[in-house]
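Chains as they are written, first to last, in full-length UniProt numbering: chain B, 1 to 437; chain E, 1 to 276.
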């Protein structure tokens with residue numbers, strides 16, 4: 001009897017849920033500060049439109065796996081999902097995303113920062129709307145630079161960064177000249193290393209999709225990275241990702257940190273950061289004479305899976321969450337410093353925002369400088385800045401990331417690591433049929 | 001002298017046992033401590049053991065941001081539901097194999113276990129498609145069915161070993177007295193196997209409670225259990241360890257308390273039949 005009532009209960013609960021679905025949207029997202037703020041404010045959307053919202057917050061990789069399964073099988077469990085600049089072009093090309101062609105008359109798409117809009121556009125249609133965007137830049141300690149008699153140039157070169165990092169390092173007092181990502185993963189250490197290689201003239205593949213880890217550029221980049229981190233990096237750097245470096249920087253243990261521009265709002269927040277009043281910002285470095293700042297661009301954006309039953313309502317929500325009016329609403333409630341950055345040109349013309357966010361100019365400059373269609377000074381067959389926008393990249397990037405993380409930990413010599421990376425990538429690309437034409 | 005050596009050995013073993021116990025317990029202790037730290041101190045290097053600014057803020061944040069009780073009740077429904085359904089199927093199956101074995105019984109048992117040898121992700125897409133078509137995605141019924149299926153081999157194996165320990169003569173005596181098959185199973189076999197069934201039940205509830213692959217992949221909101229609640233506190237950009245630890249403590253507390261109170265039954269059940 002009990003079991004029967006459990007089964008009947010569950011079935012009727014499901015029926016109820018299915019009945020209620022017409023008026024509700026299921027939104028999948030990640031647990032980043034700006035998304036949590038959006039959840040907090042979303043009651044207003046429900047009040048305005050009568051559309052109820054169900055939030056599913058998941059760990060980034062779980063979300064990607066979960067959402068991929070659902071879209072690929074047409075499960076229709078989600079109406080809106082948070083995806084990045086990597087997924088958008090690939091999924092749009094697969095026909096997995098509904099084009100955002102009905103964001104409303106008030107939606108000012110021309111105000112979107114061109115580089116950001118470009119990253120989410122496929123064949124002239126916008127497939128995801130940017131919620132917040134980031135490039136990479138240098139965050140550095142102005143007090144330590146002053147003490148060491150150094151001055152950060154407007155356009156720093158890697159040569160300067162190397163010297164400065166070594167000069168600042170004071171191991172006895174646990175101050176390390178430079179903190180960089182070392183944790184293995186396509187979105188972790190490989191994001192930084194790909195940008196580093198771009199800025200040193202390297203590329204992942206040549207025009208025939210042959211991997212380039214045997215090139216002098218990658219050799220220089222990886223040697224530079226490992227040597228620099230060995231001389232001036234924190235201990236155990238091979239397990240540091242964005243969050244670990246954030247904690248180190250906030251505790252005053254890093255002289256410089258090169259990472260996503262969104263970090264600027266964390267390190268300059270006196271509630272969390274011990275060094276909030278002495279942080280300076282500068283462009284991501286380039287190699288002397290190359291004028292390539294790595295072309296890092298990531299856009300957390302909202303998209304509608306083609307399998308959604310509520311495409312129109314979903315677009316209505318996306319329009320609400322990514323419109324100019326939303327930025328003003330956040331500013332009113334939580335102050336301009338907490339507005340999701342990097343998506344709209346008008347934000348960077350707003351004096352109130354510029355006053356609240358001392359890093360605004362550098363953030364905009366970094367985003368605008370990011371060229372994701374041609375990330376290297378050499379010709380490339382792929383798009384993407386700190387990643388390669390092909391489906392295989394998640395797997396290859398993480399495998400190579402593990403090899404390079406081992407090189408940073410001193411377990412593999414750099415030459416051998418590059419050789420392994422070359423082999424792994426070549427094999428995977430061959431298996432995926434890139435050389436069969 | 002012999003006595004002195006044995007005392008020394010005793011002390012040695014006690015220290016060793018405590019040492020191993022602490023190592024096993026350490027992750028839980030660390031999670032517990034981290035859940036009371038401010039975010040910045042949660043991943044401080046060198047790690048801080050007790051000298052941090054104790055705070056309840058993480059629990060407050062987690063409470064205010066998520067609907068704990070919805071996830072909790074979903075966990076209870078799926079763990080208890082799948083365990084009961086599993087026992088309902090497994091008791092007759094184990095009975096048949098223990099008391100009326102055929103030539104192929106061993107093979108059948110092996111075959112059942114072999115279903116556990118396939119990595120779960122290998123069947124994710126087919127199961128997802130079946131669930132989609134049967135409209136079982138994100139439903140309690142769907143989760144109960146899938147958890148029952150994945151734990152069934154273990155339940156059957158455990159019950160089979162317990163039943164094997166029960167002398168078949170007793171069942172035969174009951175049969176001689178005219179007990180029907182149902183009476184034999186319900187009134188004779190089950191009461192004798194209660195310790196075994198109880199520990200199977202407890203272990204299976206724990207397994208179902210902790211199952212994270214299927215519960216994360218087949219649910220979205222309506223049936224999402226505590227595993228989804230924990231998964232929502234990891235952040236790619238922003239410190240999260242303290243809040244994640246608080247969420248984890250809240251998720252494992254009920255099962256930890258249950259395990260604590262039923263320790264005796266668990267141990268008795270697991271060692272049932274070990275000494276003849």
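From the three backbone atoms N, C-alpha and C, an ideal C-beta is built for every residue, glycine too.
In the structure shown, the three-state DSSP call for residue 279 of chain B is strand.
If you draw a 10 Å sphere on the C-beta of residue 50 of chain B, you find fewer than 16 other C-beta atoms in it, and that means exposed. For the segment 116-140 of chain B, the continuous beta strand (DSSP E) assignments of 3+ residues that do not extend past its boundaries occur at 129-134, in sequence order.
For residue 87 of chain B, the uninterrupted alpha helix (DSSP H) segment begins and ends at 87-93. Along the length of the segment 193-265 of chain B, whole alpha helix (DSSP H) runs at least 4 residues long occupy 216-232, 242-250, reported in chain order. The beta carbon of residue 192 of chain B is closer than 8 Å to those of 136, 180, 181, 258, 259, 386 in its chain, skipping five residues each way along the sequence. Measuring C-alpha to C-alpha distances from residue 415 of chain B to each of B:126, B:271, B:63, B:220 identifies B:220 as the nearest. In the DSSP secondary-structure assignment, residue 11 of chain E is not bridged to any residue. If you ignore the 5 residues before and after residue 206 of chain B, its C-beta comes within less than 7 Å of the C-beta of 212, all in its own chain and listed in chain order. Distance between residue 150 of chain B and residue 201 of chain B, taken at the CA atoms: about 27 Å. The C-alpha of residue 63 of chain E lies about 17 Å from the C-alpha of residue 221 of chain E. Secondary structure of residue 426 of chain B (DSSP, three-state): helix. Beta-carbon to beta-carbon, residue 140 of chain E and residue 223 of chain E are separated by about 5 Å, close enough to satisfy the 8 Å threshold. In the three-state DSSP reduction, residue 55 of chain B falls in the strand class (E or B).
Residue 26 of chain B counts as buried, since no fewer than 16 other beta carbons sit within 10 angstroms of its beta carbon.
Collapsing the DSSP output to three states places residue 98 of chain B in a strand.
Only those residues of the segment 19-32 of chain E whose C-beta falls short of 9 Å from the nearest C-beta of chain B would be listed, and there are none. Assignment of residue 184 of chain B by DSSP, reduced to helix, strand and coil, places it in the coil class. Taking 8 Å as the threshold, the shortest C-beta distance from residue 232 of chain E to chain B falls below it. Annotation: the continuous alpha helix (DSSP H) that includes residue 196 of chain E extends over 194-210. Contact check for residue 317 of chain B against residue 80 of chain B passes: the beta carbons are separated by less than 8 Å. Its chain contains 216 as the residues whose beta carbon lies nearer than 7 Å to that of residue 231 of chain E, once the 5 sequence neighbours on both sides are disregarded; these appear in chain order.
In this structure, DSSP gives residue 45 of chain E a state outside helix and strand, which the three-state scheme calls coil. Under the criterion of beta carbons closer than 8 Å, residue 69 of chain B and residue 125 of chain E qualify as touching, at roughly 7 Å.
Apart from sequence neighbours up to five positions away, the residues of its chain that approach residue 75 of chain E with a beta-carbon distance below 7 Å are 209, 225, 226, ordered along the chain.
Around the beta carbon of residue 319 of chain B, a 10 Å sphere encloses 16 or more other beta carbons of the protein chains shown; the residue is thus reported as buried. For residue 144 of chain B, the three-state secondary structure derived from DSSP is helix.
Taking every protein chain shown into account, the CB of residue 64 of chain B has 16 or more other CB atoms within 10 angstroms, so this residue is buried. Less than 8 Å separates the beta-carbon of residue 242 of chain E from that of residue 34 of chain E. Taking all protein chains shown into account, residue 427 of chain B has fewer than 16 neighbouring C-beta atoms within 10 Å of its C-beta and is therefore exposed. For the pair residue 87 of chain E and residue 170 of chain E, the Cα-to-Cα distance works out to about 22 Å. Note that the C-beta distance between residue 246 of chain B and residue 224 of chain B is not below 8 Å. In this chain, the alpha helix (DSSP H) harbouring residue 63 of chain B covers 60-73. By the criterion of a C-beta distance shorter than 7 Å, residue 66 of chain E is surrounded in its chain by 229, 232, once the five residues flanking it on both sides are discounted.
The residues 169, 232, 233, 234, 253, 254, 255, in chain order, have a CB closer than 7 Å to that of residue 176 of chain B in the same chain once the five nearest residues on each side in sequence are set aside. Put simply, the backbone Cα of residue 183 of chain B is about 35 Å away from that of residue 151 of chain E.
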